[in-house]
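In terms of the numbering used here, the sequence shown opens at residue 1 and continues consecutively.
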Amino acid sequence: MVRIFLSAGHGAGDPGAGAGGTTEDREMRLVRDATVAELRSRGCDVTSVPDYLSLIETISWINDRARRGDVALEIHADAYGNTNVRGASAYYAEGNEQRESDTQLLLRSLLESVSGLPSRGVKPDTSTGVGSLGFCRQISIPSILMELGFLTNPSDRALMQRRRKDYANGLADGLQAWSEREARRQGLTPPPPRAYPVISIKINGQFYRKQGILVNGNASVPVVFFKSLGIDPAKATGLRQVNYRNVAYVKAVDLQQFGVSVKWDNPNKTVILTTK
1 MVRIFLSAGH GAGDPGAGAG GTTEDREMRL VRDATVAELR SRGCDVTSVP
51 DYLSLIETIS WINDRARRGD VALEIHADAY GNTNVRGASA YYAEGNEQRE
101 SDTQLLLRSL LESVSGLPSR GVKPDTSTGV GSLGFCRQIS IPSILMELGF
151 LTNPSDRALM QRRRKDYANG LADGLQAWSE REARRQGLTP PPPRAYPVIS
201 IKINGQFYRK QGILVNGNAS VPVVFFKSLG IDPAKATGLR QVNYRNVAYV
251 KAVDLQQFGV SVKWDNPNKT VILTTK
């Protein structure tokens, strides 16, 4: 099975940036650990790079273990003197169009999961202050470096701390898709797609033939039910969707903003939706 290497930026005693009573090193480890747990719950083969390694040691550690079809990501938090600057960005080795496409995939997945996080786009590593990034260029397998936001910006910092699960889900979505894409490029068989548990749906006291799914523990319903709930389907474009077996789903809890009461009947695995 192809493998994903995930590294939290800095390490070897380097705390990285500091702001708001926390450090880059601490926040990235927490996001990394949550992402690793999420990927493993999906059946992905993911390896967490040890935190005691320096950058040079991290590169060697990954290269010693990497196999064809593997991918690697390192996550960081940005910092700047102007605390109003915010947003996520991602870097790839300049001139590698394939990696640029992969980087766009990863950043898009993160932004879809963490609403309210601005995008600063994908960039070649030559646009950085150091001129190139060792993590992007010196690792033998496809590798990307991401900045998950600015630790020095209060809004970005709050997102990292309060919505860690959303970061983990977004990163896991992107990494899983990238890993499957790379496996196909290498002529390898990607891991089978995740199968989500099926749930029943009850709207205003009536059970429906179409079913929902549980996505990471969240009851999700097909977008086609918007009309039955009296919601303009165009409004679904503002919600994070999961496409599964050619059907678009949204989290049931997100429908509360449209005046829909959402309850969960655990014994019967049923989400109960009631319009007000």
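The beta-carbon is built from N, C-alpha and C at its ideal position, and this holds for glycine as well.
No experiment lies behind these values; they were computed from the predicted model shown.
In angstroms with no decimal places, state the Cα-to-Cα distance between residue i and residue j.
i, j, result
"L273", "K227", "13 Å"
"Q176", "I139", "19 Å"
"S89", "N268", "43 Å"
"T103", "N204", "43 Å"
"F135", "R184", "23 Å"
"T83", "C44", "37 Å"
"E97", "S48", "27 Å"
"H76", "Y92", "14 Å"
"L110", "A172", "9 Å"
"S119", "S155", "14 Å"
"D33", "F258", "34 Å"
"G121", "R164", "21 Å"
"T35", "L6", "9 Å"
"D232", "G129", "47 Å"
"D51", "L188", "30 Å"
"A248", "Y80", "39 Å"
"L55", "G95", "23 Å"
"K235", "R245", "22 Å"
"V260", "N266", "19 Å"
Would you mind stating whether residue i and residue j have Cβ atoms separated by less than 8 Å?
i, j, result
"R86", "G16", "no"
"L53", "V46", "no"
"V253", "Y167", "no"
"V242", "V224", "no"
"V221", "V250", "yes"
"R68", "Q186", "yes"
"D64", "V2", "no"
"T152", "A19", "yes"
"R99", "I144", "yes"
"L105", "W178", "yes"
"T275", "G230", "yes"
Taking residue i as the reference, give the member of the options with the closest Cα.
i, options, result
"T78", "E100, G95 and M28", "For the record, residue 78 in the displayed sequence is Asp; it is not Thr. Minimum Cα distance to D78 is reached at M28."
"K123", "P142, M146, S109 and L110", "M146"
"S115", "A219, A66 and A158", "A158"
"G174", "I56, S101, H10 and D265", "S101"
"A12", "A34, E57 and G21", "E57"
"I141", "E74, T128 and H10", "E74"
"R42", "N266, A195, R164 and P233", "A195"
"I59", "A8, G81, L105 and R108", "A8"
"L264", "A234, L105, A219 and V130", "The sequence given here has Trp at residue 264, not Leu. It is A219."
"A72", "E182, K235 and G95", "E182"
In chain order, what residues of the same chain lie with their CB nearer than 7 Å to the CB of residue i, ignoring the 5 residues before and after it?
i, result
"S132", "D125 and T126"
"I256", "In the sequence under discussion, the amino acid at residue 256 is Gln, which differs from the Ile named in the question. Closer than 7 Å at the Cβ level, and outside the excluded window around Q256, lie V262."
"N169", "E38, S113 and N216"
Excluding five sequence neighbours on each side, which residues of the same chain lie with their C-beta closer than 6 Å to the C-beta of residue i?
i, result
"E180", "P190"
"D25", "H10, P15 and G16"
"R137", "A93"
"L107", "A90 and V122"
Keeping to the same chain, check which residues put their C-beta closer than 8 Å to that of residue i; ignore five residues upstream and five downstream.
i, result
"I201", "F207, Y208, K210, Q211, G212, V221, F225, T270, V271 and L273"
"R240", "E112, S113, S115, V250, K251 and D254"
"T22", "L151, R157 and Q161"
Residue ranges of each alpha helix (DSSP H) within the segment 95-154, 4 or longer:
Runs found: 97-113 and 134-137.
Runs of alpha helix (DSSP H) wholly within the segment 14-70 (minimum 4 residues, chain order):
Entirely contained in the segment 14-70, the alpha helix (DSSP H) runs reaching 4 residues are, in chain order, 24-41 and 55-65.
Which runs of the beta strand (DSSP E) spanning at least 3 residues fall entirely within the segment 169-244, listed in chain order?
Assignment of beta strand (DSSP E) within the segment 169-244, counting only whole runs of 3 or more residues, yields 198-203, 212-215, 218-222 and 241-244 in chain order.
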